[in-house]
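These protein sequences, in sequence, are chains A and B.
Take any residue in the first sequence, note its place counting from 1, add 1123, and you have its number in this note's numbering.
Take any residue in the second sequence, note its place counting from 1, add 121, and you have its number in this note's numbering.
By construction, the Cβ of each residue, glycine as well, lies at the ideal position given by its N, Cα and C atoms.
Bear in mind the structure is a predicted one, so any value in this text is a computation, not a measurement.
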Amino acid sequence: MSRKTVTLAQGNGGEENAELINKIFYRHLKNETLKRNEDAAIIEPFNMQLTSKIAFTTDSFTVSPIFFSGGDIGKLSICGTCNDLAMMGAKPKFLSLSVIVEEGFEIRELEKIVRSMKKELDINGAKIVCGDTKVVPKGSADKIFVNTTGIGEVQKNGLSSSSIKAGDAIIVSRDIGRHGAAIFADREGIELSSSLKSDCASLWPIVEKLIEANIGISAMRDATRGGVAAVLNEWARQSEVCIEIEEASVPIAEEVKGICELLGFEAYNLANEGTFVLAVEEKDIQKALEIIQSFENGKNAAIIGSVTGEYPKKVVLKSEWGTKRFLDLPTGELLPRIC
Amino acid sequence: MELKLKDLYDGFRDPKAIKSFASLIEKETEKLDTPINIMEVCGGHTHTIMKYGLPQLLPEKINFIHGPGCPVCIMPKERIDHAYILAMQEDVILVTLGDMIKVPGSKGSLQNARAKGADVRFVYSPLDTVKIALDNPDKKILFFAIGFETTTPMTAALIDTAIKRGIKNLFFHINHVTVPEVMKELIDSRDIHVNSYDNRIDAFIGPAHVSVIAGSKIYEVFPERYNKPVVVSGFEPVDVMESVYMLVRQFVQNRCELEIQYKRSVTKEGNIAAQKMIDRYFEKRELFKWRGIGNIPKSALKLKEEFSYLDAEKIYEDILPKDEIEDHKLCICGDILRGIAKPNECSVFGTVCKPSSPLGSCMVSSEGACAAYYKYGGLI
């Protein structure tokens, strides 16, 4: 039996296009708003006070390979956008979904991706309310590109990269660098003695509990491309503070450490897709840690450092043997070392 | 026994061991009247020293001088141009290792060539090139081979595999260099720009990976003929601290010897099978130009005459330029590679010359001294 694949005709805006949307996208993602099938979604007021704020974000996903240990491009495209909303203290509500598919893409795989999306949307309590599908000739795109745009309802105000102050503690929600290391391992066929999975996950459930407990959070950020190093540097610069990190406290899985050793990377620079960094007020440090650790994907959460005034706009890494160095922003293409 | 990834680093970053060596070195160094300038030949050591902040733990009398041991840093522009020109050939896939694709030649880097449509790929292991060759029978695969004694056996193994499997579309541009000759050059030679008779090197930390292959014997000449002690060292912070301690002890006890710190893998004779494989396919070049240092006799390898049918330098002789190209006037990579200057003494360090826009090769490679200073050197 021949495998069904996406054809250029399915991007024609006509019969075949409608069939693809109905059989794959609507089948899994349909809801009251989406099924109206209008040019734009009309969102009914959703228990919002007039003073409530809305968070709005967008992201495109072009990961390779599209199926990786711990996730796929579908899960990633929902997590990525919902996490961006969650990091601003907003509950993810409505997402748009724009998909660019290469001719010849297997329908079975497309459906697998959409199913992943649905699962992750449910975790966030969000839904797809509008979308677009384009099919491009073979060779014009690398399998599938996904864009998601999200609207969220702000539940906690005042979170900002500019609000971090001396005395705050820096917490990471779990071990770092998993997504980058897993993608590298999958892409380059590095076989490990134990299986390494991406951290790809939705963060709203944890964030919701932190907000409910009224934890004094100055800022939150999911450490995606550029890793923890990029988040900390951005915070140090925008808040004009020094962030001091105790290297020994930073949780890093042994497989990730091993990959970093083999390829000459630093886990601080590797991407994460379900790990976030928090700057928390001193009074709530333990409480915040306990809440995060009560979740399965937060059980390795740790306090990794503190905010001081020593070297403003810099991130300092402190070793266990008493030396210090700056942790800078990652630069250029991540390449393996030579010898 | 299964090797776990944890075994790669566990134990060699033990804070107690590092602190304990720091205190032993401190005590021993007090017995010395003059400072010791230790050249760590290999860029891997430079990175360990900078990344783990080891100078912060050492007395002022211990001074590290960074050496020419980075295969990317020492590649002259004309040979990078070779790679660029070869990559731009229509029917060619150029394959090389990691950082090499970022180094600028006079025409640009391999990254630039890739942006212009050239098929440039990097591999983790040279043997991965076999698959590329088999998957692309209508293309010529050119392996641009770089590195010291450490990576040479892998290139030899690739040649061996290509011949045994009858792969007809794989060719080689060989740029393998050898460590002892450049170390001798740093002590022996006189450069027109700098008086390198005044080199400040008192002792060497020798790269262990090189000696895993070539044995520690390649360094015997340094204590014997040049009166410079050598300790062959591993790359973890505990390894480097122990090696510094071993060197300091030699000075305190008035000894000058070749010692092995990295006994877990290095022997005097090295890996004989790997050496035989290298000897089967390679022979010494008369001269090889090292970027910033100049021509050094017998310091590099080339394919033996009988394998010239695999040699891209010969096959593409007509399109590969032979003239030497000067480095950028403001760049002092040459002095840095000679151990005469430190990266932060360069006028363009961290301003015009950064990892994202490197002027000189020492800033390009992750093994380069300038890159190490840029990345880790801020507090030191």
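Verify the CB distance criterion: does residue i have a CB-CB separation below 9 Å to chain A?
i, result
"residue 139 of chain B", "yes"
"residue 310 of chain B", "no"
"residue 358 of chain B", "yes"
"residue 395 of chain B", "no"
"residue 143 of chain B", "yes"
"residue 219 of chain B", "yes"
"residue 366 of chain B", "no"
"residue 245 of chain B", "yes"
Using the beta-carbon of each residue, which ones in chain B are nearer than 8 Å to residue i?
i, result
"residue 1320 of chain A", "Within chain B, no residue comes near residue 1320 of chain A; the closest Cβ sits about 15 Å away, beyond 8 Å."
"residue 1446 of chain A", "173, 174, 175, 177 and 178"
Determine, for residue i, whether the minimum Cβ-Cβ distance to residues of chain B falls below 9 Å.
i, result
"residue 1442 of chain A", "yes"
"residue 1171 of chain A", "Any reading at residue 1171 of chain A is ruled out, since the residue's pLDDT is 49, under 50, leaving its predicted position unreliable."
Start and end of the beta strand (DSSP E) containing residue i?
i, result
"residue 451 of chain B", "Element bounds for residue 451 of chain B: n/a, residue is neither H nor E."
"residue 1439 of chain A", "1438-1441"
"residue 163 of chain B", "157-163"
"residue 503 of chain B", "Beyond the ends of chain B as shown, which are 122 and 501, falls residue 503 of chain B; an answer cannot be given."
"residue 362 of chain B", "Run containing residue 362 of chain B: none in the beta strand (DSSP E); it sits in the alpha helix (DSSP H), 358-373."
"residue 309 of chain B", "Residue 309 of chain B -> not in any beta strand (DSSP E); alpha helix (DSSP H) instead, spanning 300-309."
"residue 404 of chain B", "403-405"
"residue 1373 of chain A", "That residue, residue 1373 of chain A, is in no beta strand (DSSP E); it is neither H nor E in DSSP."
May I ask you to report which of helix, strand or coil DSSP gives residue i?
i, result
"residue 1276 of chain A", "strand"
"residue 1225 of chain A", "strand"
"residue 1319 of chain A", "coil"
"residue 1403 of chain A", "strand"
"residue 1446 of chain A", "coil"
"residue 1132 of chain A", "helix"
"residue 1173 of chain A", "Residue placement at residue 1173 of chain A cannot be trusted, given a pLDDT of 42 that sits under 50; what the coordinates show is reported in the next sentence. Coil, per DSSP."
"residue 1367 of chain A", "strand"
"residue 442 of chain B", "coil"
"residue 265 of chain B", "strand"
"residue 291 of chain B", "strand"
"residue 354 of chain B", "strand"
"residue 1464 of chain A", "With chain A running from 1124 to 1462 in the structure shown, residue 1464 of chain A is simply not present."
"residue 484 of chain B", "helix"
Mind listing the chain A neighbours of residue i? Cutoff is C-beta to C-beta under 7 Å, in chain order.
i, result
"residue 497 of chain B", "1448"
Would you mind reading off the limits of the alpha helix (DSSP H) that contains residue i?
i, result
"residue 136 of chain B", "136-150"
"residue 1353 of chain A", "1350-1362"
"residue 344 of chain B", "342-346"
"residue 1140 of chain A", "1138-1143"
"residue 1253 of chain A", "Segment 1250-1259 is the beta strand (DSSP E) holding residue 1253 of chain A; no alpha helix (DSSP H) there."
"residue 1238 of chain A", "1230-1247"
In chain A, which residues lie with their C-beta within 9 Å of the C-beta of residue i?
i, result
"residue 136 of chain B", "1371, 1442, 1443, 1444 and 1445"
According to the Cβ coordinates, are residue i and residue j closer than 9 Å?
i, j, result
"residue 1152 of chain A", "residue 1241 of chain A", "yes"
"residue 251 of chain B", "residue 291 of chain B", "yes"
"residue 1225 of chain A", "residue 1259 of chain A", "yes"
"residue 178 of chain B", "residue 366 of chain B", "no"
"residue 455 of chain B", "residue 413 of chain B", "yes"
"residue 1202 of chain A", "residue 1353 of chain A", "no"
"residue 1341 of chain A", "residue 1426 of chain A", "no"
"residue 1431 of chain A", "residue 1364 of chain A", "yes"
"residue 195 of chain B", "residue 325 of chain B", "no"
"residue 1394 of chain A", "residue 1401 of chain A", "no"
"residue 361 of chain B", "residue 327 of chain B", "no"
"residue 1322 of chain A", "residue 1301 of chain A", "yes"
"residue 1476 of chain A", "residue 1212 of chain A", "There is no way to answer for residue 1476 of chain A, as the model of chain A reaches only from 1124 to 1462."
"residue 1304 of chain A", "residue 1390 of chain A", "yes"
"residue 288 of chain B", "residue 254 of chain B", "yes"
"residue 1254 of chain A", "residue 1233 of chain A", "no"
"residue 442 of chain B", "residue 206 of chain B", "yes"
"residue 246 of chain B", "residue 209 of chain B", "no"
"residue 1256 of chain A", "residue 1181 of chain A", "no"
"residue 465 of chain B", "residue 497 of chain B", "no"
"residue 163 of chain B", "residue 356 of chain B", "yes"
"residue 1270 of chain A", "residue 1183 of chain A", "yes"
So with CB distances below 7 Å, who are the chain B contacts of residue i?
i, result
"residue 1451 of chain A", "496"
At least one CB of chain C closer than 9 Å to the CB of residue i: is that the case?
i, result
"residue 1310 of chain A", "Absence of chain C from the displayed structure is noted, the protein chains being A and B."
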